[in-house]
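Top line first, the protein sequences correspond to chains A and B.
The numbering of the first sequence is this note's numbering, which starts it at -19 and goes up by one.
The numbering of the second sequence is this note's numbering, which starts it at 4 and goes up by one.
All residues carry an ideal CB built from backbone N, CA and C; glycine is no exception.
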Amino acid sequence: SQQGEEDPQALSIQEGENATMNCSYKTSINNLQWYRQNSGRGLVHLILIRSNEREKHSGRLRVTLDTSKKSSSLLITASRAADTASYFCATVPYGNNRLAFGKGNQVVVIP
Amino acid sequence: DTAVSQTPKYLVTQMGNDKSIKCEQNLGHDTMYWYKQDSKKFLKIMFSYNNKELIINETVPNRFSPKSPDKAHLNLHINSLELGDSAVYFCASSQVGMVGDRRSYEQYFGPGTRLTVT
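Here's what the structure looks like:
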């Protein structure tokens, strides 16, 4: 069954604005990861947050994890046109080694 | 210096044909995967091999047969292609710890193979 569910599905913002995406999941997890997919390309790993972590930063990315609500958010600050892509969350369920991907968010950054 | 490579990038073929997609990784990872991404961009795992052994085999028609000649290669052979097989197929690799291990399971993806069955 599908683990991650991103929300919203599509987001259009102006360059320089912040973009926030949410992801919910159903089972206990080892970690949660966010990936980016540019049009016509493979997925690129952005950031991983473990189940015992609450917040993590990487450059302009900020990820939060709330295991009590089984949800995560990805914030991209000061967005750029190059951030236009689909963003996926993926979880590693506890006791499992596989990644379960959500449906993905399409983010369009307008120059 | 490509980390995960796939060939071909595009594959157009007719129903009923048999085709193969090849994947190679030079990251030294011990685990490789095949994913299928449909037209709605939903990504579903199909197979995974760890050191040439099949460890994940999702509900996939047996027309799909993976083969791992060594831990750097994972090929996907598809028999009797159907219209519904049209999708983008991604190969990925990762270094995987023990079950329950909280170390990184980040995956590295290939560029994808767009398969179109007519």
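**Request:** Quick one: which residues of the segment 50 to 62 of chain B get their C-beta closer than 8 angstroms to a C-beta of chain A? List them in chain order.
**Result:** S51, I58, I59
**Request:** Look up B:F93 in the DSSP assignment and give the residues it is bridged to.
**Result:** B:Y38
**Prompt:** Cα separation between A:Q86 and B:Q9?
**Reply:** Between the C-alpha atoms of A:Q86 and B:Q9 there is a straight-line separation of about 25 angstroms.
**Message:** Determine whether the beta carbon atoms of A:L12 and A:L23 lie at a separation below 9 angstroms.
**Reply:** no
**Message:** By the three-class DSSP mapping on this structure, what secondary structure does A:L79 have?
**Reply:** coil
**Item:** Simplified DSSP assignment, three categories, for A:Q(-18)
**Value:** In this prediction, A:Q(-18) scores a pLDDT of 37, lower than 50, which makes its location untrustworthy; the coordinate-derived value is nonetheless stated afterwards. Reduced to three states, the DSSP call for A:Q(-18) is coil.
**Asked** Mind pulling the chain B residues with CB within less than 8 angstroms of A:S52?
**Response** The premise fails here: A:S52 is roughly 15 angstroms from chain B at the closest Cβ pair, so nothing lies under 8 angstroms.
**Message:** Considering just the uninterrupted stretch of the beta strand (DSSP E) at B:L79, what are its terminal residues?
**Reply:** 76 to 81
**Request:** Give the single residue among A:S66, A:N(-2), A:G20 whose Cα lies nearest to the Cα of A:F81.
**Result:** Nearest in C-alpha terms to A:F81, of all of A:S66, A:N(-2), A:G20, is A:S66.
**Prompt:** What residue from B:K25, B:S89, B:M18 has the CA that sits closest to B:S68's CA?
**Reply:** B:K25
**Inter-residue Cα distance where the pair is A:R60 and B:N60** = Taking the straight line joining both Cα atoms gives about 39 angstroms.
**Message:** Against chain B, does A:Y15 count as a neighbour if the rule is that its beta carbon must be under 9 angstroms from one of theirs?
**Reply:** yes
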